[in-house]
Structure formats: C-alpha cells, structure tokens
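Below is one structure, written out as structure tokens; the observations come after it.
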Amino acid sequence: MPKQQRCSTRRRRVLISAELVVLAALHSMNQMIFDDNFAESRMINANAQRSFLAVQHETIPLNRDRGPINAADVESITHVPDTATILVQLKRNRTSCAEPQLIGRLSGIHLSKVKWSYEELTHHDVIVGHYSVPAPGPYFIEIIVTMCQRLDINTDAKNACLTRQKTLLLLGFGTTTFTSLRNHKLQPLHTRYQPQGCRHPKTHMTNRCRIPTNTARFDPYQFQFYNPFNLTQELESKEATVLCYVGASHSGVLMQFSRIILKRMEIQSNNITVLQKDYRYVANLTEDAMVDVKESCDKAVIGIGQWDASRYGGDPTSFVEFRRLLREAMRVFVMPLLDARVDVYFRNMHYQPLGDLITACPPSDWRNPNTVDMYNDITSELCREFGLRFIDSTDITGIMWDRQDDWGHFKDVSGHTEALYLLHHVLSR
C-alpha cells in the first residue's frame, strides 16, 4: 500500500514556463508523488527558496504553429504564482474557437490537475485555472483543448466532436527556470492518447502508435493521502456488513480491489462482504433491481453512466433523457432502499483516455471528458435535490485520468487507491 504521510495544504508558489496548453488542480485529499525526488523537495536551501518566492508572474509562450485555436485569437497565457492561477486571456473578436474547453496538468515532483473556471469568459474573455501543489519546485505544464463550445443539458452528445486529434495541443512543454533541485530525472507527463489507425495489432509497435499510447510514463508516481487513515482500526469492531457496488465492469474492478484490500488487512471474511450488482444502464435501476439490492446489501455504492455513453447501446443516452431516467431511478430504486435502511451512495463516473473511437468525428463512443463531466454534474445535482450522498473521487482518478491500460478501467494504483478511499468513506460510518 502506498506510504501515507500528512502533508501541508499551505499554498506553495510554482514557477512555470511552457510552450503547450494543459493544466490541473489538486484537491486537499491526496497527491501524486515522484518517488525519486519526494525527499529532495523538502530540502530546498534558503537562498534558492527566497529566489523562487520572489517571482510574481510569468508568461507562458504560445505554440503558434498548431492548435484548434488560431494564435491570433489568444491574447496571452499568464501564470501567477501568488494566487496559484493560470490566466488564459482570449481576444474578444475570436472566430476559430469561441468557448475553448481545457484540460490541464502540472507534472514534476508532484502531479496536479488544474481546475478551470469559465465565469469570466463571457464578460472578460478570460479562463481562470486554479491549482494546488504541496511543495515548490520545477514543474512542466500541458494544456489541451477538447472542444470549442460548452456542453449543456440540451446538447446533442451524439454529434459533439472533440477538436481534431492532431490539434488537441494548444501549447508546448517547458520547464521552470528554478532548478535548485536535482531534477534530471523529471520528465513532462504528456497526455496519453490513441492516434487513429492504431487499433490494429500490426500498427501497435510503430513509433506513431507506441509512443502516445505507452503507460510507462505513469509508473514513477504513487499516491499519498493528506489525511491518512487506518482502515484496519476503523473496521476491526465493525459488525457484519455487505457492501455492494452497483454498476457494470467499473464497479466490478472496485469490488475486486476492495476484496484484495480487506484480505491483505486480514479483515475476517464474515465481517465485511463485498459484492457487485451488475446493472449497466440507468434505465436498469428499476423496482425489481431495488428488491435484488435490498435483499442482499447493507450498503450500496452506485456507479452508472459508462454504458449510457458507450458504443454498446447504439446511440448515447441524451443528457435530458439521462436526467429523466436517473430522477425516476431515485424515486423507484433509491428511496425504497433508504426506507429499508440500506445505506446508499452515488459515485462519480470515471474518465476514459482519448481512444480512437472517442476522438473520431463523428465519434462512435461518447465517453469523452466533457460528456463524462455532464453526466457527473447531472448525478451530483440530483443527489443534492434528493438529499443523497455523492462521492467524488475525481481527485484520485482524475489526476491520471488517461492511464487505463485497456482504455477503460483503472486496474492499477489509481483503482486500488479509489477502492481504499471508498471503503474508508462508506464503511467507517
């Protein structure tokens, strides 16, 4: 299990210089650590630190050779260490990409996902990115543009294309000029994607396909919780409980990791039992399904949406229809479970890497980051409406959202850590 250590949540300043576009924000719950450099990040000498903190802001140079946004439409991209923000200033009369939707990640000693705010876009033509890192040091930055318009509840997800794959990258990579750390091993963490035409076995090992799809880039990082917890201690006096993950294959992976964790902790098998209830679509959460869960489970963690947005059911479930069906499921499936004293939670839908089916236009699989965000927004909104608990583990799975080896499932440290967090969150109550 990854080493757990309490880390300061105090905001640290970061100096960034880059030529590409992608940012990220780190929640106070966890962080990713680069093994070989973590200890060194605590040993910055006083003179170097004073020099680092003296930096007020820096301009991130645009790569004007490529991108879905015409370079003339971008005024500037600025990093402000004092407020840990990235400001993407657009021209008011831009024509090529009216509402660029961004994904960003800082990579270096730690990983951090940028959280973007579009509130100032309408009136001030600026997109504001917020990040948090536990320690200063050299960081790379990448920002990608996924779409040129915001999705809303009435958007036709079926025909919503990502920006052309070859032009997803708006800026280029660079490093900070603050180099007091021994950082020769640090490498920028490029977003992983599958180029078109790389699905066939004959093309897998060509450089064109092998380099952008390789997962080894994620290996140097491990999770570390800000607020560590002792799950064994939490569960040692727990009465017999059956925990059910309700959903399809992603719920199955969480079930498997949960069983592994409990077995390694030597929790008696008759104390905590973990099951999966395989209901794939939101429309499957019916009264009959409720009876099945009620008869088997003391606690239920519902994860839904993957099949609704996938290629397996034909067309994707529209946002309007997904909201209608989920509201009905809460009425006939969830509320009766609560009445029967079953503890019910919803969890967020996982991101998928940028596989060839997702980035094709028109796509034949609609589980792109923007659609996933819409499904999650609908789910969390309805949870608030019905007074239900929504567990958002995006700060675990979202930091390395593109790492799934099979282009779908977190069968790695991200999935293990998410299962650990869910067990803590659900079973400690």
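With mature numbering (1 follows the signal peptide of the UniProt record, and there is no 0) as the guide, the letters of the sequence shown map in order to residues -25 to -1, 1 to 404. Quick reminder that beta carbons are idealized off the backbone N, C-alpha and C, glycines included.
Residue interval of the beta strand (DSSP E) (run including residue i)
i, result
"residue 105", "101 to 105"
"residue 86", "85 to 88"
"residue 183", "Where residue 183 is concerned, there is no enclosing beta strand (DSSP E), although the alpha helix (DSSP H) it sits in stretches over 182 to 188."
"residue 364", "364 to 366"
"residue 247", "247 to 252"
"residue 198", "196 to 200"
"residue 274", "274 to 277"
"residue 322", "318 to 322"
"residue 61", "60 to 65"
Residue interval of the alpha helix (DSSP H) (run including residue i)
i, result
"residue 122", "From DSSP, residue 122 is part of no alpha helix (DSSP H) but of the beta strand (DSSP E) over 114 to 122."
"residue 227", "224 to 239"
"residue 51", "Counting along the chain, residue 51 falls outside any alpha helix (DSSP H), though it belongs to the beta strand (DSSP E) covering 49 to 55."
"residue 208", "206 to 210"
Exposure label - residue i; buried when at least 16 CB within 10 Å
i, result
"residue 176", "exposed"
"residue 410", "This structure cannot settle anything about residue 410, because the visible part of the chain is limited to -25 through 404."
"residue 259", "buried"
"residue 48", "buried"
"residue 275", "buried"
"residue 159", "Because residue 159 sits at a pLDDT of 46, beneath the cut-off of 50, its placement in the model cannot be relied upon, and the following sentence gives the value as read from the coordinates. Answer is exposed; the Cβ neighbour count stays below 16."
"residue 409", "Residue 409 lies beyond the residue range present for the chain, which begins at -25 and ends at 404; the question has no answer from this structure."
"residue 186", "exposed"
"residue 359", "exposed"
Of the residues the options, the one placed nearest residue i, counting alpha carbons only
i, options, result
"residue 252", "303, 86, 269, 246", "269"
"residue 282", "36, 350, 128", "350"
"residue 115", "100, 103, 85", "85"
"residue 233", "294, 392, 132", "392"
"residue 93", "293, 81, 87, 61", "61"
"residue 75", "87, 102, 341", "102"
"residue 214", "197, 248, 340", "248"
Contact set for residue i: own chain, Cβ-Cβ below 7 angstroms, skip 5 residues either direction
i, result
"residue 2", "Confidence is the limiting factor: at residue 2 the pLDDT is only 24, short of 50, which leaves the residue's position unreliable and the question unanswerable from this model."
"residue 389", "371, 372, 375, 378"
"residue 225", "278, 281, 325, 384"
"residue 312", "265, 268, 269, 275, 319"
"residue 14", "At residue 14, the pLDDT of 27 sits below 50, so the modelled position is not reliable; the number obtained from the coordinates is stated separately. Taken in chain order, the list of residues that qualify is empty."
Beta-carbon proximity check, residue i vs residue j, cutoff 9 angstroms
i, j, result
"residue 401", "residue 320", "yes"
"residue 121", "residue 345", "yes"
"residue 317", "residue 273", "yes"
"residue 70", "residue 52", "no"
"residue 241", "residue 403", "no"
"residue 112", "residue 83", "yes"
"residue 397", "residue 322", "yes"
Cβ-based neighbour list, residue i, same chain, cut-off 8 angstroms, excluding 5 preceding and 5 following
i, result
"residue 329", "137, 140, 143, 166, 167, 168, 169, 343, 377"
Close beta carbons around residue i, own chain, < 6 angstroms, minus the five adjacent residues each side
i, result
"residue 336", "136"
"residue 309", "319"
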